[in-house]
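Engineer: Protein chains in written order, with my numbering: chain G, 1 to 221; chain E, 1 to 243.
Questions regarding the structure given below will be posed in turn.
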Amino acid sequence: MKQFAFLVRRDLSLAFRQGMDSMMVVVFFVIAVVLFPLGVGPEPSTLARISSGVIWVAALLSAMLSLERLFQTDYEDGSLELLALSSLPLEVTVLAKVTAHWITTGLPLIVAAPVLAVLMQMESEGFLILIVALLLGTPSLSLIGAVGAALILGSRRGGVLLSLLVLPLYIPVLIFGVSAVDGAIGGYEFKAQLLILGGFFIGSLALTPWAGAAGLRQALE
Amino acid sequence: MADLHRFANPTRFLKLAGLIQPWALAVFLISATVGLYMAFFTAPADYQQGESARIMYVHVPASWMSMFCYTVMAVASAVSLIWKHPLADVSARATAPIGAAFTFLALATGSLWGKPMWGTWWVWDARLTSVLVLLFLHIGYMALQGAFDDRVRAAKASAILALVGFVNVPIIKFSVDWWNTLHQPASVVKMSGSSIHPSMLWPLLIMAIAFKAYYVWVLLVRMRQELVANKVRILRLKQVHGG
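As structure tokens, this is what we get:
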């Protein structure tokens, strides 16, 4: 546990000292969402209708953009091998790196989301559920993404490849995330969708560290 | 396990594959001829859909094969990761493009069928969407295979991906089903085994056999080709090091 906390702190301080890196993800998120009113036109009713979907898709893409660096820098400078040799199980290492990744990308996205929801003319009933759904959904995105990030280590064209591997696996989170928010706005039941999002989170928390660690092991062989 | 490893020897496998291959081809040619003849001439046209329902005899077996190929890939990947069976990995790699082709065929024929029946090429219906995602998974697998210079790494990485994708396939299927019922009521043609008349069921089953035999045939061709390519590479290396 102590090693876990140490590893998270190490990754966080590395991210903060590089400054703009985690900010970049949020900036991308904002710009991607802002493109939509320009693309589909500024009618409030149209924007309100697509707001939850656009915000979720943009969140998916921005979470994915930062994934490539999850293990890449440690792989290149060799610290990943040291981490693999340490007494900490590789599964826990993966979990620690995912935690740090979520704090530096998932959390800023959640903070920025309500502002974007206002820009997208979303009905105010949806705000709270949007935040709750993102809180439940973004950790799953980081967890599933870690598997993809581990698999592409040392490959050619890693970034593009990563999106091809990870995006199809993100679809369930997107579907339930959007339908929870749409349900809240339309006055329907939305608890079930939130519970399923929570279920995805717990399921991926249990399974992806194993797959991610297996991916890292074969990369380090 | 001992039986499984008897065929781990590529030479023995090549011999066996050489024996099976012409039979698979023969079964494919015969059943495809019979199946297509029955599909076009003996099977009745659907009373509602008319002649266009005949595309079913290609569409349904192709969809079955798309799921089957992904399952084969996942099982072969598990075998290659757990037991390091050398042929498992070759067969998974050989299956991927065939599976992708079947998935694409299922989507394309479905779309051709959808135009006269539903009045549109594409509907964001649960089944269509989940098959589309299956196509993406096949393509992702092939892309990962091709992204490494080291073939052992490529095999391992894509085996892990195939397994992760396999866990996800039911989740995707179920989430898409759910999403669809929320937004638009399903308008899919339902086909349960009991409700289909024998005159249509028989050509369908024969076509399914034809597709499976075709798969076995192409799989063996691809696997033999890869093993031979391996041999050639080893011989070349020997030549370089020897001379």
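A virtual CB, placed ideally from N, CA and C, is assigned to each residue, including glycine.
#1: Spell out a yes or no on whether the region 51 to 65 of chain G and the region 138 to 148 of chain G are touching, meaning 3 or more CB-CB pairs, one atom from each, closer than 8 angstroms.
#2: According to DSSP, is E/GLY50 helix, strand or coil?
#3: Could you tell me whether the region 21 to 34 of chain E touches the region 211 to 218 of chain E, where touching means 3 or more Cβ pairs closer than 8 angstroms?
#4: For G/LEU35, count neighbouring Cβ atoms within 10 angstroms of its own Cβ and tell me buried if that reaches 16, exposed if not.
#5: Shortest alpha-carbon distance to E/THR71 belongs to which of E/VAL167, E/LEU220, E/ILE206?
#6: Could you tell me which of G/LEU47, G/LEU151, G/ARG49 sits nearest to G/ALA211, measuring between CA atoms?
#7: Which one of E/HIS197, E/CYS69, E/LEU87, E/PRO44 has the shortest CA to CA distance from E/ARG12?
#8: From G/LEU207 to E/ALA53, what distance separates their C-alpha atoms?
#9: Using a 10 Å radius around the Cβ and a threshold of 16 neighbouring Cβ atoms, would you call E/PHE28 buried or exposed?
#10: In angstroms with no decimal places, state the Cα-to-Cα distance between G/GLU123 and G/ILE185.
#11: Would you say G/VAL147 reaches chain E, if we count a Cβ-Cβ gap shorter than 8 angstroms as a contact?
#12: Which whole-angstrom value describes the C-beta separation of E/VAL287 and E/LEU134, a residue pair presumed to lie in contact below a C-beta threshold of 8 angstroms?
#13: Which same chain residues end up closer than 8 angstroms to E/LEU144 when comparing Cβ atoms and leaving out the 5 residues on each side of it in sequence?
#14: Expressed to the nearest angstrom, what Euclidean distance is found between the alpha-carbon atoms of G/GLY203 and G/ILE129?
#15: Please list the residues of the region 140 to 151 of chain E that have a C-beta atom closer than 7 angstroms to any C-beta atom in chain G, keeping them in chain order.
#16: G/LEU83 to G/THR104, Cα distance in whole Å?
#17: Who are the neighbours of G/PHE176 on chain E, taking C-beta pairs under 7 angstroms?
#18: In chain order, what residues of the same chain have a beta carbon less than 8 angstroms from the beta carbon of G/SER87, not counting five sequence neighbours either side?
#19: At the level of alpha carbons, what is the spacing between E/TRP83 and E/PHE136?
#20: If we ignore side chains and look at the alpha-carbon of each, how far apart do G/PHE200 and G/LEU119 end up?
#21: Consider the Cβ of E/ALA74: report whether some Cβ of chain G lies at a distance smaller than 8 angstroms.
#22: Following the continuous alpha helix (DSSP H) through E/ASN230, name the residue where it begins and the one where it ends.
#23: Hey, is E/HIS138 close to the ligand SAM, as in C-beta under 7 angstroms from one of its heavy atoms?
#24: Under a Cβ-count criterion, where at least 16 other Cβ atoms within 10 Å of its own Cβ denotes burial, should G/LEU169 be classed as buried or exposed?
#25: Quick check on DSSP: helix, strand or coil for G/LYS2?
Structural biologist: Concretely, from the data shown:
#1: yes
#2: Your numbering for residue 50 of chain E matches position 50 in the second sequence. The answer is strand: DSSP assigns E/GLY50 an E or B state.
#3: yes
#4: Taking the first sequence and counting its residues from 1, the one referred to as residue 35 of chain G is at position 35. Label assigned to G/LEU35: exposed.
#5: Start at 1 with the first residue of the second sequence, and residue 71 of chain E comes out as number 71. Taking only the C-alpha atoms, the option nearest E/THR71 is E/VAL167.
#6: Stepping through the first sequence from its first residue, residue 211 of chain G is reached at position 211. Residue G/LEU151 is the option with its Cα nearest to G/ALA211.
#7: Taking the first residue of the second sequence as position 1, residue 12 of chain E is located at position 12. It is E/LEU87 whose Cα lies nearest to the Cα of E/ARG12.
#8: Against the first sequence, residue 207 of chain G aligns to sequence position 207. Against the second sequence, residue 53 of chain E aligns to sequence position 53. About 43 angstroms.
#9: Within the second sequence, residue 28 of chain E is the residue found at index 28, counting from 1. That one is buried.
#10: Mapped onto the first sequence, residue 123 of chain G falls at position 123. Mapped onto the first sequence, residue 185 of chain G falls at position 185. Using only the alpha carbons, I get a separation of about 6 angstroms.
#11: Here the question's residue 147 of chain G lines up with position 147 in the first sequence. Yes - at least one Cβ of chain E is within 8 angstroms of the one on G/VAL147.
#12: This structure does not reach residue 287 of chain E, given that chain E is present from 1 up to 243, and the question cannot be answered.
#13: By one-based count along the second sequence, residue 144 of chain E stands at place 144. Once the five neighbours on either side are set aside, the close Cβ partners of E/LEU144 are ALA154, ALA157, SER158, LEU161.
#14: Locating residue 203 of chain G in the first sequence gives position 203, counting from the first residue. Locating residue 129 of chain G in the first sequence gives position 129, counting from the first residue. Whole-angstrom Cα-Cα distance: 21 angstroms.
#15: GLY140, ALA143, LEU144, ALA147, PHE148
#16: Position 83 of the first sequence, counted from the start, is the residue given in the question as residue 83 of chain G. Position 104 of the first sequence, counted from the start, is the residue given in the question as residue 104 of chain G. Distance between the alpha carbons of G/LEU83 and G/THR104: 21 angstroms.
#17: For the purposes of this step, residue 176 of chain G is identified with residue 176 of the first sequence, where counting begins at 1. Chain E residues near G/PHE176: SER175.
#18: Along the first sequence, read from residue 1 onward, the residue named residue 87 of chain G stands at position 87. Here the set comprises GLN3.
#19: Reading the second sequence from its first residue, position 83 is the one you call residue 83 of chain E. Reading the second sequence from its first residue, position 136 is the one you call residue 136 of chain E. When rounded, the distance between both Cα atoms is 28 angstroms.
#20: What you label residue 200 of chain G is simply residue 200 of the first sequence in a count that begins at 1. What you label residue 119 of chain G is simply residue 119 of the first sequence in a count that begins at 1. Answer to the nearest angstrom: the Cα atoms are 29 angstroms apart.
#21: Here the question's residue 74 of chain E lines up with position 74 in the second sequence. Not an interface residue.
#22: What you label residue 230 of chain E is simply residue 230 of the second sequence in a count that begins at 1. Unbroken alpha helix (DSSP H) run through E/ASN230: 198 to 242.
#23: Among the ligands in the structure shown, none appear at all, so the ligand SAM cannot be discussed.
#24: Counted from its first residue, the first sequence places residue 169 of chain G at position 169. It counts as buried.
#25: Locating residue 2 of chain G in the first sequence gives position 2, where the first residue counts as 1. G/LYS2: helix per DSSP, three-state reduction.
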